[in-house]
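Participant:
Chains as they are written, first to last, in the numbering used here: chain A, 6 to 204; chain B, 6 to 204.
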């Protein structure tokens with residue numbers, strides 16, 4: 006299978022690549038790294054990426070920027086860091102990618118546990134994570150040619166101990182658990198699902 | 006109680022006003038109608054609205070534009086109609102309004118059943134409805150001075166038969182049911198909740 010991994014060199018992305026590269030052809034995409042560079046917050050850059058890659062069977066996005074800060078001082082501009090960096094970027098990967106993906110292909114987006122399990126300073130991230138899961142449910146019933154779409158919702162992860170203080174009582178997911186959720190989406194048969202990892 | 010109703014002359018808004026005006030002081034806001042005019046897609050207009058109103062105990066937003074159209078032809082610009090018209094507008098009502106609302110006040114936003122129960126042509130609305138519910142969960146744990154926030158998620162409603170063909174098998178909610186969900190949020194004590202109406 007020919008699988009695009011966006012954010013392939015990131016903490017989660019490199020685990021996904023590790024889990025899939027033995028049996029599949031991985032096309033690594035990053036802003037500055039990877040075989041192909043793309044800025045997914047720009048629809049023009051997304052379209053160019055798909056044209057370069059030509060055909061593919063699965064896209065996994067493990068890239069996205071979110072804004073963290075207290076609600077009391079949060080502005081429209083702060084909030085839009087998450088909207089543009091994690092939500093519209095992944096939406097556009099699908100809106101544009103649906104023209105390029107192979108029949109029976111799949112999109113796997115990244116949302117996160119904050120959608121349903123909030124912590125302070127993360128209101129915009131809770132919103133966009135939930136938005137991604139809602140988009141996945143809405144898009145799943147319309148994608149044509151058997152194309153599927155799911156999201157993976159990681160909680161705090163083992164490889165990012167710098168976030169542990171913000172998630173008291175949360176048990177970090179292992180990178181194996183995280184990577185396997187993406188594998189489950191890309192190689193499985195379900196659609197419209199959100200696979201939660203960690204708690 | 007001094008209650009702002011945004012979209013007070015709309016189908017849902019007028020039902021909310023009808024349910025609350027006997028016992029409360031209602032400040033009706035609309036784009037062109039109402040006692041106060043405001044364009045909630047513009048943060049400057051929102052700030053001006055709050056300055057004119059001065060103090061208030063509850064804000065209920067029953068206004069929002071969404072884009073409906075097939076996913077196969079949906080563009081970034083189409084999708085943003087929903088993001089700006091229903092999601093960022095309501096987020097900004099809260100981000101700005103938290104500075105003006107009375108202690109123990111409440112915000113009640115409008116999301117919708119499409120967040121979890123999608124129909125074709127509504128992927129962007131599923132996304133933004135879910136985003137609003139996610140934002141409510143995230144903001145609820147940070148709002149200060151006992152201020153609460155909830156959303157109401159109506160399905161198809163009795164007063165809008167023009168939408169019935171798009172919601173086969175959905176049982177329209179009565180306007181009484183819809184209005185009471187907003188009353189429950191504004192006059193109740195819960196926070197971070199989404200009250201679903203209809204199915």
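Just so it is clear, CB atoms sit at the ideal spot from N, CA and C, and this is done for glycine as well.
(1) Can you find the residues in the same chain that come closer than 7 Å, C-beta to C-beta, to residue 22 of chain A, ignoring five residues on each side of it along the sequence?
(2) What would DSSP say about residue 205 of chain A, mapped onto helix, strand or coil?
(3) Report yes if the CB atom of residue 230 of chain B is closer than 9 Å to the CB atom of residue 135 of chain B, and no otherwise.
(4) Could you check if residue 80 of chain B is buried or exposed, using at least 16 other CB atoms within 10 Å of its CB as the buried criterion?
(5) Identify, in the order they occur along the chain, each residue of the same chain with its Cβ nearer than 7 Å to the Cβ of residue 24 of chain B, setting aside the five sequence neighbours on each side.
(6) Note the first and the last residue of the continuous alpha helix (DSSP H) segment covering residue 100 of chain A.
(7) Could you tell me the alpha carbon to alpha carbon distance between residue 82 of chain B and residue 106 of chain B, rounded to whole angstroms?
(8) Could you tell me which of A:67, A:182, A:8, A:199 sits nearest to residue 28 of chain A, measuring between CA atoms?
(9) Just by C-beta distance, which residues in the region 66-95 of chain A are closer than 8 Å to chain B?
(10) List, in chain order, every chain A residue whose beta-carbon is nearer than 8 Å to that of residue 147 of chain B.
(11) State the CB to CB distance for the pair residue 174 of chain A and residue 126 of chain A, rounded to an integer number of angstroms; the pair is presumed to be in contact (CB under 8 Å).
(12) Within 10 Å of its beta-carbon, does residue 91 of chain A have 16 or more other beta-carbons around it, so buried, or fewer, so exposed?
(13) Could you say which of B:155, B:87, B:102 lies nearest to residue 51 of chain B if we only look at CA atoms?
(14) Which value, in whole angstroms, describes the spacing of the CA atoms of residue 94 of chain A and residue 46 of chain A?
(15) Does DSSP put residue 63 of chain B in a helix, a strand or coil?
(16) Can you round the beta-carbon distance between residue 142 of chain A and residue 156 of chain B to whole angstroms, since I take them to be within the 8 Å contact cut?
(17) In angstroms, rounded to a whole number, what distance separates the CA positions of residue 153 of chain B and residue 56 of chain A?
(18) Assuming residue 199 of chain A and residue 116 of chain A make a contact with CB atoms under 8 Å, what is their CB distance in whole Å?
(19) Can you tell which of A:170, A:118, A:111 has its C-alpha closest to the C-alpha of residue 60 of chain A?
(20) Within 10 angstroms of its Cβ, does residue 63 of chain A collect 16 or more other Cβ (buried), or is it exposed?
(21) Quick check on DSSP: helix, strand or coil for residue 154 of chain B?
(22) Per DSSP, what kind of secondary structure is residue 56 of chain A in: helix, strand or coil?
(23) Out of A:104, A:71, A:84, A:54, which has the shortest C-alpha to C-alpha gap to residue 78 of chain B?
(24) Rounded to a whole number of angstroms, what is the C-alpha to C-alpha distance between residue 133 of chain A and residue 123 of chain A?
(25) Could you tell me which chain C residues have their CB closer than 8 Å to the CB of residue 142 of chain A, listed as they occur along the chain?
(26) Are residue 170 of chain B and residue 202 of chain B touching if we call contact CB-CB under 9 Å?
(27) Using C-beta distances below 7 Å, list every residue in its chain close to residue 41 of chain B, excluding the 5 sequence neighbours before and after it, in chain order.
(28) How would you write the range of the beta strand (DSSP E) that residue 38 of chain A sits in, first residue to last?
(29) Helix, strand or coil: how does DSSP classify residue 165 of chain B here?
(30) Could you please tell me which residues of the region 103-117 of chain A, in chain order, have their CB closer than 8 Å to any CB of chain B?
(31) Beta carbon of residue 96 of chain A, beta carbon of residue 140 of chain B: below 9 Å?
(32) Starting from residue 21 of chain A, trace the alpha helix (DSSP H) both ways and give me its first and last residue.
(33) Looking at C-alpha atoms only, which residue of A:72, A:138, A:149, A:76 is the closest neighbour of residue 109 of chain A?
(34) In the DSSP assignment, find the beta strand (DSSP E) that holds residue 202 of chain B and state where it starts and stops.
Facilitator: Here's the rundown:
(1) Here the set comprises 10, 13, 31, 33.
(2) A question about residue 205 of chain A goes unanswered here, because the residues of chain A that appear run from 6 up to 204.
(3) Chain B is shown from 6 up to 204; residue 230 of chain B falls before or after that span and cannot be answered.
(4) Per the 10 Å Cβ criterion, exposed.
(5) Taken in chain order, the residues that qualify are 184, 185, 188.
(6) First-last of the alpha helix (DSSP H) with residue 100 of chain A: 94-102.
(7) Rounded to the nearest whole angstrom, the C-alpha separation of residue 82 of chain B and residue 106 of chain B is 33 Å.
(8) Closest option to residue 28 of chain A, Cα to Cα, is A:8.
(9) Identification of residues in the region 66-95 of chain A having a C-beta nearer than 8 Å to some C-beta of chain B yields 75, 76, 77, 79, 80, 81, 84, 85, 88, 92, 93, given in sequence order.
(10) In chain order: 75, 76, 77, 125, 126, 128.
(11) Your pair residue 174 of chain A and residue 126 of chain A does not check out as a contact, with CB atoms roughly 16 Å apart and the cut at 8 Å.
(12) Within a 10 Å sphere around the beta-carbon of residue 91 of chain A sit 16 or more other beta-carbons, which makes this residue buried.
(13) Ranking the options by Cα distance to residue 51 of chain B, first place goes to B:102.
(14) Note on geometry: alpha-carbon atoms of residue 94 of chain A and residue 46 of chain A lie some 5 Å from one another.
(15) Looking at residue 63 of chain B - three-state DSSP - the assignment turns out to be strand.
(16) In fact, because the Cβ distance is near 17 Å, the residues do not count as touching under 8 Å.
(17) Straight-line measurement puts the Cα of residue 56 of chain A at about 48 Å from the Cα of residue 153 of chain B.
(18) Right, the Cβ-Cβ distance comes to about 6 Å (below 8 Å), so this counts as a contact.
(19) Out of A:170, A:118, A:111, A:111 has the C-alpha closest to the C-alpha of residue 60 of chain A.
(20) Classification for residue 63 of chain A: buried.
(21) Assigned with DSSP and collapsed to three states, residue 154 of chain B falls in strand.
(22) Assigned with DSSP and collapsed to three states, residue 56 of chain A falls in helix.
(23) Cα-wise, what sits closest to residue 78 of chain B is A:104.
(24) Spanning the two alpha carbons is a distance of roughly 12 Å.
(25) Absent here is chain C; the protein component of the structure consists of chains A and B.
(26) Their beta carbons are not under 9 Å apart, which means residue 170 of chain B does not touch residue 202 of chain B by this criterion.
(27) Hits under 7 Å: 32, 34, 54, 57, 58.
(28) Note, residue 38 of chain A: premise wrong, no beta strand (DSSP E); not H, not E.
(29) Correct three-state label for residue 165 of chain B: coil.
(30) Answer set for the region 103-117 of chain A: 103.
(31) Going by C-beta atoms, residue 96 of chain A is not nearer than 9 Å to residue 140 of chain B.
(32) Taken as a continuous stretch (DSSP letters only), the alpha helix (DSSP H) holding residue 21 of chain A covers 16-25.
(33) A:149 is the residue among A:72, A:138, A:149, A:76 whose C-alpha sits nearest the C-alpha of residue 109 of chain A.
(34) That run of the beta strand (DSSP E) goes 199-202.
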